[in-house]
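**Student:**
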Amino acid sequence: MQPSDVAAQRSAGSLSRRLPATGIPGLSRRSFLRCSALGALVLGGTVIGVSAGSVRSGDPWTGGYYVSDDGDDENTGRTADDPWKTIAKVNEALAEGTIRRGDSVMFRRGDEFFGNIDSIPPSDGSGPRLTLSAYGAGPRPKISAYKVVDNPDSWQEHDAGVWKINLADAAQFSGNVTNGSANTGFIRVDGTIQGGKKWALADLSTQWDFYNDSEYLYVRSSGNPTAAADDFRVAVDGDIITGASALMVVGLDLVGTGGHGYRQADATNTEIADCRVHEIGGAQLTEGTRYGNGVELWMGSSDSLIHNNEISDVYDAACTMQGSQYGASIGISGCRIQFNKIVNCTQSFEYWTAGDDLGPGAGIVAGTFSDNICVNGGRSWGYAVREDKAGTGNFLMAYRQELPVDLVVTRNVFFDALNCYVYVSTNDAEFRDGFVSDHNTISLRPGTLVQAQKPYTIENAQLWVAETGQEVNSRWMVVPPSVATGADAVAYVTDNLHALRAW
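Just so you know, full-length UniProt numbering puts the end of the sequence shown at 503, numbered straight through with nothing missing.
Here it is as structure tokens:
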């Protein structure tokens with residue numbers, strides 16, 4: 001498509017008719033922005049401006065189940081005074097049908113629960129939702145997929161300077177004892193992520209390098225690894241929450257997996273709100289390839305709203321709309337990702353679709369990525385250890401574009417990406433017709449590319465705009481030289497959020 005054709009398609013009038021609403025009943029966009037100016041969110045100990053706006057309360061539920069760290073799985077779970085204790089019990093009740101759509105499962109704030117919520121039964125999406133939420137006072141309850149490997153007796157010296165632990169034997173660790181995977185995404189040593197996964201045992205050369213086979217995790221360490229750490233955790237493959245239709249997840253802290261934070265496929269009528277999703281990804285997908293997204297909407301997803309979440313420290317993308325067609329699942333429809341705070345992820349948003357059915361409903365239909373604040377794209381633990389570094393530290397990532405695209409990216413703040421603003425790997429490095437990105441603020445450091453596959457830097461971004469027809473009404477700015485990378489960039493965005501907004 002020629003630039004003139006693209007520009008005509010993206011006229012201000014055309015775009016304004018497609019701008020997404022807040023998606024929060026009773027809350028106008030103006031009211032939300034007013035709330036945003038007054039509130040703050042905390043990411044990794046750093047305050048970042050925003051959304052004190054309300055969250056949708058969800059559908060009425062017929063019953064409630066309570067879970068607390070000092071509960072007992074023999075309890076009824078029906079009151080806060082008689083709570084269950086574990087995610088394993090929640091999964092059992094979901095699988096048996098004790099917990100049904102219309103019910104709410106509430107985890108006590110301030111507590112940490114280990115496991116993967118992976119037994120939510122399918123639904124046609126109609127009727128009331130199942131709600132996963134929080135109760136009590138304090139910080140969001142943690143739904144943690146970490147295996148805690150701090151028992152020195154569980155580690156054996158495999159070779160000089162190499163120690164191993166059996167991650168398939170739950171007697172050797174605590175924490176997430178129901179996940180038998182040894183496919184390790186990263187290890188966390190006293191709160192610091194160590195992501196140096198190697199593909200051969202012989203490649204372990206530096207302290208905290210690691211390798212896994214089907215059972216054992218091997219770690220390079222000068223001594224028993226537990227001697228060097230008070231808190232030692234392992235993130236293995238698996239989704240922290242595997243979603244299904246008619247589901248709301250609100251107010252939870254999802255942490256510590258080598259797979260995805262939240263993932264759904266063939267699901268409709270879902271909502272993820274006011275959650276923190278962090279320390280995600282890095283497990284092996286295929287030989288030589290690692291993966292892991294914060295929130296992944298896979299093929300067949302529809303009418304999903306991802307909003308007001310804090311997403312950080314993700315190996316791949318914070319949020320995605322992606323997948324290959326299969327069976328009757330030919331598209332991703334009516335999905336909105338908005339008002340999220342995304343920090344220190346390798347990419348902020350990724351989309352791709354594949355298949356050969358180009359009929360009605362194929363590809364991405366009525367999708368939006370709007371009103372998000374994205375900082376430090378590519379300045380992440382995941383980028384530092386990945387092998388495919390060229391251009392992958394960015395804010396927007398478009399991979400395969402085989403199917404139609406109807407997707408709007410608008411009213412976002414994108415501040416300080418490592419490699420480039422966007423990466424487009426197919427379709428001759430051009431966005432497919434139907435992709436519209438406009439009315440954003442894009443701020444990059446001097447000399448940073450706008451797009452990985454094109455020669456234009458932030459200083460001549462208007463040449464890229466003229467060629468692609470994207471970001472015609474967006475605001476482009478160079479990151480001030482006084483702003484350092486990392487936490488300083490987050491603080492700058494917090495302090496100058498109102499001025500950074502281009503709309």
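Yeah, the Cβ is synthetic: ideal placement off N, Cα and C, and Gly gets one too.
1. Under 9 Å between the Cβ atoms of residue 401 and residue 432?
2. How should residue 382 be labelled, buried or exposed, when 16 other C-beta atoms within 10 angstroms of its C-beta is the threshold for buried?
3. Using 8 Å as the Cβ pair cut-off and three pairs as the minimum, do the stretch 261-272 and the stretch 218-238 touch?
4. Should the stretch 189-199 be called in touch with the stretch 236-255, which here means at least 3 C-beta pairs below 8 Å?
5. Return the CA-CA distance between residue 218 and residue 285, expressed in angstroms with no decimal places.
6. Express the C-alpha separation of residue 179 and residue 347 in angstroms, rounding to a whole number.
7. From 413, 185, 207, pick the residue whose C-alpha is nearest to that of residue 260; which is it?
8. Look at residue 135 and residue 80 and say whether their C-beta atoms are less than 9 Å apart.
9. Thinking C-alpha only, which one of 290, 252, 302, 264 is nearest residue 278?
10. Assuming residue 110 and residue 138 make a contact with CB atoms under 8 Å, what is their CB distance in whole Å?
11. Return the residue from the list 187, 446, 372, 437 that minimises the CA-CA distance to residue 280.
12. Check for me: the alpha helix (DSSP H) holding residue 204 runs from which residue to which?
13. Considering only the beta carbon of each residue, do residue 392 and residue 438 sit closer than 9 Å?
14. Please list the terminal residues of the continuous beta strand (DSSP E) segment that includes residue 479.
15. Which two residues bound the contiguous alpha helix (DSSP H) that contains residue 456?
16. For residue 450, which option in 404, 397, 307 has the closest C-alpha, if you only look at C-alpha atoms?
17. Assuming residue 372 and residue 342 make a contact with CB atoms under 8 Å, what is their CB distance in whole Å?
18. What do you reckon, are the CB atoms on residue 250 and residue 353 nearer than 9 Å?
19. On the premise that residue 421 lies in contact with residue 460, defined as a C-beta separation below 8 Å, what is that separation, rounded to the nearest angstrom?
20. Any idea what DSSP makes of residue 488, helix, strand or coil?
21. Where does residue 198 sit, in a helix, a strand or coil, going by DSSP?
22. Going by DSSP, what residue range makes up the beta strand (DSSP E) through residue 158?
23. Pick out whichever of 314, 338, 414, 302 has its Cα sitting closest to the Cα of residue 322.
24. If we call anything under 9 Å between Cβ atoms a contact, is residue 290 one with residue 315?
25. Can you tell me whether residue 427 is helix, strand or coil according to DSSP?
26. Ends of the beta strand (DSSP E) at residue 307?
27. Which of the three DSSP states is assigned to residue 498 in this structure?
28. Assign residue 498 to one of two classes, buried (16 or more other C-beta atoms within 10 Å of its C-beta) or exposed (fewer than that).
29. Would you tell me roughly how many angstroms separate the C-alpha atoms of residue 490 and residue 191, rounded to the nearest one?
30. Measure the C-alpha to C-alpha separation of residue 329 and residue 287 and round it to an integer number of angstroms.
31. What would DSSP say about residue 151, mapped onto helix, strand or coil?
32. CA-CA distance, residue 429 and residue 128?
33. Would you mind working out which of 222, 282, 308 sits nearest residue 206, comparing C-alpha positions?
34. Name the two residues that bound the continuous alpha helix (DSSP H) containing residue 467.
35. In the DSSP output, what is residue 117 paired with across the bridge?
36. Quick one: give me the first and last residue of the beta strand (DSSP E) that residue 504 is part of.
**Tutor:** By the coordinates alone:
1. Counted from its first residue, the sequence shown places residue 401 at position 401. Counted from its first residue, the sequence shown places residue 432 at position 432. In this structure, residue 401 places its C-beta atom within 9 Å of the C-beta atom of residue 432.
2. The residue you call residue 382 lines up with position 382 of the sequence shown. So residue 382 ends up on the buried side.
3. The stretch 261-272 makes no contact with the stretch 218-238: fewer than 3 CB pairs, one atom from each, lie closer than 8 Å.
4. Touching, no, given that fewer than three Cβ pairs across the two stretches are closer than 8 Å.
5. Position 218 of the sequence shown, counting from 1, holds the residue named residue 218. Position 285 of the sequence shown, counting from 1, holds the residue named residue 285. Taking the CA atoms as reference points, residue 218 sits about 19 Å from residue 285.
6. The residue given as residue 347 occupies position 347 in the sequence shown. The residue given as residue 179 occupies position 179 in the sequence shown. Each residue's Cα considered, the two are about 28 Å apart.
7. Here residue 260 refers to the residue found at position 260 when the sequence shown is read from its first residue. Distances from the CA of residue 260 to each of 413, 185, 207 were compared; the closest alpha carbon is that of 185.
8. For the purposes of this step, residue 135 is identified with residue 135 of the sequence shown, where counting begins at 1. For the purposes of this step, residue 80 is identified with residue 80 of the sequence shown, where counting begins at 1. Taking 9 Å as the cut-off, the Cβ atoms of residue 135 and residue 80 count as close.
9. Translated into the one-based positions of the sequence shown, residue 278 becomes position 278. The shortest C-alpha separation from residue 278 is found at 252.
10. Your numbering for residue 110 matches position 110 in the sequence shown. Your numbering for residue 138 matches position 138 in the sequence shown. With a Cβ gap of about 3 Å, residue 110 and residue 138 count as contacting.
11. In the sequence shown, residue 280 corresponds to position 280, counting from 1. Residue 187 is the option with its Cα nearest to residue 280.
12. What you label residue 204 is simply residue 204 of the sequence shown in a count that begins at 1. Going by DSSP, residue 204 is part of no alpha helix (DSSP H) at all; its letter is neither H nor E.
13. Counting from one through the sequence shown, the residue named residue 392 turns up at place 392. Counting from one through the sequence shown, the residue named residue 438 turns up at place 438. No; because the gap between Cβ atoms is not below 9 Å, this pair is not in contact.
14. Stepping through the sequence shown from its first residue, residue 479 is reached at position 479. That residue, residue 479, is in no beta strand (DSSP E); it is neither H nor E in DSSP.
15. On the sequence shown, residue 456 is found 456 positions in, with the first residue counted as 1. Taken as a continuous stretch (DSSP letters only), residue 456 belongs to no alpha helix (DSSP H), as it is neither H nor E.
16. Position 450 of the sequence shown, counted from the first residue, corresponds to residue 450. For residue 450, the nearest C-alpha among the options comes from 397.
17. If you number the sequence shown from 1, residue 372 lands on position 372. If you number the sequence shown from 1, residue 342 lands on position 342. At roughly 6 Å, the Cβ-Cβ gap stays under 8 Å, so residue 372 and residue 342 are in contact.
18. As a working mapping, residue 250 is identified with position 250 in the sequence shown. As a working mapping, residue 353 is identified with position 353 in the sequence shown. For the 9 Å CB-CB criterion, residue 250 and residue 353 do not form a contact.
19. Within the sequence shown, the letter at position 460 stands for residue 460. Within the sequence shown, the letter at position 421 stands for residue 421. Contact doesn't hold; Cβ gap of about 13 Å is too wide.
20. As a first step, residue 488 must be located in the sequence shown, where it is residue number 488. Under the three-state reduction of DSSP output, residue 488 falls in the helix class.
21. For the purposes of this step, residue 198 is taken as the residue at position 198 of the sequence shown. Secondary structure of residue 198 (DSSP, three-state): coil.
22. Mapped onto the sequence shown, residue 158 falls at position 158. Counting along the chain, residue 158 sits inside the beta strand (DSSP E) bounded by residues 156-159.
23. Along the sequence shown, one-based indexing puts residue 322 at 322. That would be 302, whose Cα lies nearest to the Cα of residue 322.
24. To locate residue 290, count along the sequence shown from 1; it is residue 290. To locate residue 315, count along the sequence shown from 1; it is residue 315. Yes, the pair counts as a contact, with Cβ atoms nearer than the cut-off.
25. Within the sequence shown, the letter at position 427 stands for residue 427. Note: residue 427 maps to helix in three-state DSSP.
26. Here the question's residue 307 lines up with position 307 in the sequence shown. Segment 302-307, the beta strand (DSSP E) holding residue 307.
27. Taking the first residue of the sequence shown as position 1, residue 498 is located at position 498. Helix at residue 498.
28. Mapped onto the sequence shown, residue 498 falls at position 498. Around the beta carbon of residue 498, fewer than 16 other beta carbons sit within 10 angstroms, so the residue counts as exposed.
29. For the purposes of this step, residue 490 is taken as the residue at position 490 of the sequence shown. For the purposes of this step, residue 191 is taken as the residue at position 191 of the sequence shown. Between residue 490 and residue 191, the C-alpha separation is close to 20 Å.
30. Counting from 1 along the sequence shown, the entry for residue 329 is found at position 329. Counting from 1 along the sequence shown, the entry for residue 287 is found at position 287. Approximately 27 Å between the Cα atoms of the pair.
31. Taking the first residue of the sequence shown as 1, we reach residue 151 at position 151. Residue 151 falls in the coil class under three-state DSSP.
32. Taking the first residue of the sequence shown as position 1, residue 429 is located at position 429. Taking the first residue of the sequence shown as position 1, residue 128 is located at position 128. Cα to Cα, the separation comes out at about 43 Å.
33. Taking the first residue of the sequence shown as position 1, residue 206 is located at position 206. Among 222, 282, 308, the Cα nearest to that of residue 206 is on 222.
34. Here residue 467 is taken as the residue at index 467 of the sequence shown, counted from 1. Looking at the DSSP string, the run of the alpha helix (DSSP H) that includes residue 467 is 461-468.
35. Locating residue 117 in the sequence shown gives position 117, counting from the first residue. In the DSSP output, where bridge partners are listed per residue, residue 117 has 241.
36. This structure gives no information on residue 504, because the portion of the chain shown stretches from 1 to 503.
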